[in-house]
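See below for the structure under consideration.
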Amino acid sequence: MDARKFLRFPVISITVALILFITWVHFPLLPNKESLLDSNIFSRWCTSKNRFHSSTKHNLIKKSSSSTLHSNPKHEYDVPHHPLDPLTIQEFNKVRTILSTHPLFKSSSTYTINSIVLEEPNKKLVLKWKKGDPLLPRKASVIARVKGVSHTLTLDLTTNKVISHETGSISGYPVMAIEEMVGVVEAPLKSIEFNKTIIQRGIDMADIACLPISSGWYGTKVEDNTRKEVLAISDNGQNIPLAKGIDTDYRYSIQKLNGELRLFNPISLEQSEGPSFTVDGNLVKWANWEFHLKPDPRAGIIISQAKVRDSDTSELRNVIYKGFTSELFVPYMDPTDGWYFKTYMDAGEYGFGLQAMPLDPLNDCPRNAYYMDGIFTSADGTPYVQSNIICVFESYAGDIAWRHAECPITGLNVNEVRPKVTLVARMAAAVANYDYIMDWEFQTDGLIRAKVNLKKQETSPGESPRKSYLKAIRNVAKTEKDAQIKLSLYDPSEFHVINPSKKTRVGNPVGYKLVPGATAASLLDHEDPPQKRAAFTNNQIWVTPYNKSEQWAGGLFAYQSKGDDTLQVWSNRDRPIENKDIVLWYTIGFHHIPCQEDYPIMPTVSSSFDLKPVNFFERNPILRVPPNFEDDLPVCKAHDSS
1 MDARKFLRFP VISITVALIL FITWVHFPLL PNKESLLDSN IFSRWCTSKN RFHSSTKHNL
61 IKKSSSSTLH SNPKHEYDVP HHPLDPLTIQ EFNKVRTILS THPLFKSSST YTINSIVLEE
121 PNKKLVLKWK KGDPLLPRKA SVIARVKGVS HTLTLDLTTN KVISHETGSI SGYPVMAIEE
181 MVGVVEAPLK SIEFNKTIIQ RGIDMADIAC LPISSGWYGT KVEDNTRKEV LAISDNGQNI
241 PLAKGIDTDY RYSIQKLNGE LRLFNPISLE QSEGPSFTVD GNLVKWANWE FHLKPDPRAG
301 IIISQAKVRD SDTSELRNVI YKGFTSELFV PYMDPTDGWY FKTYMDAGEY GFGLQAMPLD
361 PLNDCPRNAY YMDGIFTSAD GTPYVQSNII CVFESYAGDI AWRHAECPIT GLNVNEVRPK
421 VTLVARMAAA VANYDYIMDW EFQTDGLIRA KVNLKKQETS PGESPRKSYL KAIRNVAKTE
481 KDAQIKLSLY DPSEFHVINP SKKTRVGNPV GYKLVPGATA ASLLDHEDPP QKRAAFTNNQ
541 IWVTPYNKSE QWAGGLFAYQ SKGDDTLQVW SNRDRPIENK DIVLWYTIGF HHIPCQEDYP
601 IMPTVSSSFD LKPVNFFERN PILRVPPNFE DDLPVCKAHD SS
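Here the sequence shown is numbered in the UniProt record's numbering, starting from 1 and rising by one per residue.
Rendered as structure tokens:
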């Protein structure tokens, strides 16, 4: 068969940026007008004219009247305990106070604050920090639009000063704010000409929902205006019959069921001694794992400083410095007027975390789950609480961690087996009728699985007539272009991240390997403007040298960008990566061709990739895990056997 290649990269502590892209439909939902800043029921995105929020001008100097109505008391006095902990409500309010005295905001009565997040400390300082040490200085990163210009500011929350202020030269716009979209949604319904097209179709105006859809960049010069007016109407498909929507309501409370259709009896994981994991602020400890977990308005969920304990040495060893969803590219790839512009970047245009929905206990997450809230900000910087958007739980599905039995002819009565239990950190983001469900799974054998679920890997037969020939060739990627990789079934490879300066007793360099699952590539031409924006989908694997400013694969300002600040642009610099502090990027993709089984609600489609230890441990790290016995499970009784 074709040569199997081993790609090796140095440094154990890596950042894994998970990039989700290519789904079918898009468009954000929105919040109930009574809970804009405490979104427990709806996503923040408005879609119905009956749920509009009034348009207001923002003034940081005047205290927002909504700040006390929507604050969650249990977070009001939160304080950070770790350098990577997200900003607290008190810190958000301090940011608003600092900005209110800054000339940029004092000189303008209208502006939009698109993002306020923690400006993470220097990586080396974070790695040196230990519990009990003084907390590293807290800083905030702010992105705002003022008079049509995007501004990036860094604030020192100790000195209460703006220490950095830039107006970047890169193209594009920041993540859209809810207030920006609400004004646009109102515009069509104020147009007499537009309303006539609806009435002519026999549709009740009360049933109309207008969608605040982001537009991409297509290589043409477009007039930049913010008047929120209807400039043109494309009125096509007048003779297409409208579906009546009969028997399509998927809500359990609405469905008229003739008796319950129950395919299986309820299943619940019981732990008489309580969960095996602990959550201290944002620090999660479970079995042989320890990691920092936090919500993020753009990435959704961020895993930091993931460490696994070596069963032989009891040493906590670094595996991931930072792992998160960098971007989601959703091109419809339909050339017609009503569809061609739909080339969304959900993270960079709407915010993956901002679209996260409260998780449903017992259905989104099992009974033993721990829930974590997100604290984000509205367009004037006012903090609000997004409740229960992350859950952490132990999962046991009857799977086996390892087993071995001696062959009966040996005369040895040996049959050993161990159960497989994993820890899952989960979030779900609602994007209209499409939900993204992101899982980070941690296994006791050292494996990490970033899961959008199904995994598939195929290899081709060998060239030997006996079909048993395997040849391994090791290649080391020395520069970024060496590590731009397109997966191929006919060129099966393993992709290792190793530390050549640290070896096992046998002499192998310690490392982890990326195990790809089923994926798909974008079908757009590389010179097509939407593909230039989403050039990170050109390869499945990328490796770049660590650069704190290079986090978002579609660019810091993804909305209407021209592709001049993407992962492809950074990687084309072809910087050295051998024996460097690196970032490993992997792209998961889906192609969706609708079928009848998708109607009215599409079943889950999923994929994943694994980060698996390879010569990282001296031996199987779970070899000494004890088996389960009946007395260990007092809550559940064994079913009678025949």
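In this text, a Cβ means the ideal position worked out from N, Cα and C, and glycines have one as well.
Quick one: grab the DSSP three-state call for A287. A287: coil per DSSP, three-state reduction.
Beta-carbon proximity list for L118, same chain, < 8 Å, skipping 5 on both sides: Around L118: L84, D85, P86, L87, R138, K139, A140, S141.
Smallest Cα separation from T159: which of V506, E91, Y546, K147? Checking every option, the nearest Cα to that of T159 belongs to E91.
Tell me the DSSP bridge mates of H151? Note: H151 sits in a beta bridge opposite A144.
Looking only at its chain, what residues have a beta carbon closer than 7 Å to the beta carbon of I622, apart from the 5 residues adjacent to it on each side? Short of 7 Å from the beta carbon of I622, and not among the five residues preceding or following it, lie these beta carbons of its own chain, in chain order: A401, W402, R418, T444, D445.
Please report the distance separating the alpha-carbon of A534 from that of V625. C-alpha separation (whole angstroms): 45 Å.
Alpha carbon to alpha carbon, how far is E229 from A243? Rounded to whole angstroms, the gap between the alpha carbons of E229 and A243 is 30 Å.
With burial defined as no fewer than 16 other Cβ atoms inside 10 Å of the residue's Cβ, what is the status of K322: buried or exposed? Looking at its Cβ environment, which holds 16 or more other Cβ atoms inside 10 Å, K322 is buried.
Per-residue DSSP class, three states only, for D445: Here D445 sits in coil by DSSP.
Look up F495 in the DSSP assignment and say whether it is helix, strand or coil. Of the three classes helix, strand and coil, the one that applies to F495 here is strand, per DSSP.
P188 - containing alpha helix (DSSP H), residue span: Looking at the DSSP string, the run of the alpha helix (DSSP H) that includes P188 is 178-189.
Taking the alpha carbon of T382 as the reference point, which residue from P80, L99, K74 has its own alpha carbon closest? Ranking P80, L99, K74 by CA distance to the CA of T382 puts L99 first.
Cutoff 7 Å; reference V184; Cβ partners in own chain excluding five residues on either side: Here the set comprises P212, K228.
F329 by DSSP, collapsed to three states: which one? Strand at F329.
With a CB to CB cut of under 7 Å and the five nearest residues on each side skipped, what residues in its chain are close to L157? E91, K94, R138, K139, A140.
Measuring straight from C-alpha to C-alpha, what distance separates A144 and G554? So the alpha carbons of these two residues sit roughly 19 Å apart.
V510 to A306, Cα distance in whole Å? When rounded, the distance between both Cα atoms is 16 Å.
Kindly indicate which residue of L362, M333, M357 has the alpha-carbon position closest to the one of D373. Per the Cα distances, M357.
Taking the Cβ atom as the reference point for each residue, do L447 and P613 lie within a distance shorter than 8 Å? In this structure, the beta-carbon distance from L447 to P613 falls below 8 Å.
Spell out the partners DSSP gives C407 in its beta bridges. Within the DSSP secondary-structure output, C407 pairs in no beta bridge.
In DSSP terms, what K612 is bridged to: DSSP output for K612 lists K513 as bridge partner(s).
Any beta carbon from chain B within less than 8 Å of L584's own beta carbon? Checking the listed chains, one finds no chain B in this structure; it contains a single protein chain.
For D435, three-class secondary structure by DSSP: Here D435 sits in strand by DSSP.
Residues that F393 bridges to, as DSSP identifies them: F393 is bridged by DSSP to V424.
With S164 as the anchor, note down where its alpha helix (DSSP H) starts and where it stops. Unbroken run through S164 is the beta strand (DSSP E), 161-166; no alpha helix (DSSP H).
Assess contact between the region 338-357 and the region 383-399, defined as three or more Cβ pairs (one per stretch) separated by less than 8 Å. Is contact present? Short answer: they touch.
Mind checking which residues open and close the alpha helix (DSSP H) that includes R418? R418: not part of any alpha helix (DSSP H); member of the beta strand (DSSP E) spanning 415-419, first to last residue.
If you run the structure through DSSP and keep just helix, strand and coil, what is G348? Of the three classes helix, strand and coil, the one that applies to G348 here is helix, per DSSP.
Output needed for F393: all residues of its chain with C-beta closer than 6 Å, excluding positions within five of it in sequence on either side, in chain order. The beta carbon of F393 sits closer than 6 Å to the beta carbons of C365, P366, N368, A369, V424 from its chain, once the five residues preceding and following it are set aside; these are given in chain order.
Would you report the Cα separation of D310 and D247, rounded to the nearest angstrom? Cα-Cα distance, rounded: 55 Å.
If you count every other CB in all the chains shown that lies within 10 Å of the CB of L523, and 16 or more means buried, which is it? Classification for L523: exposed.
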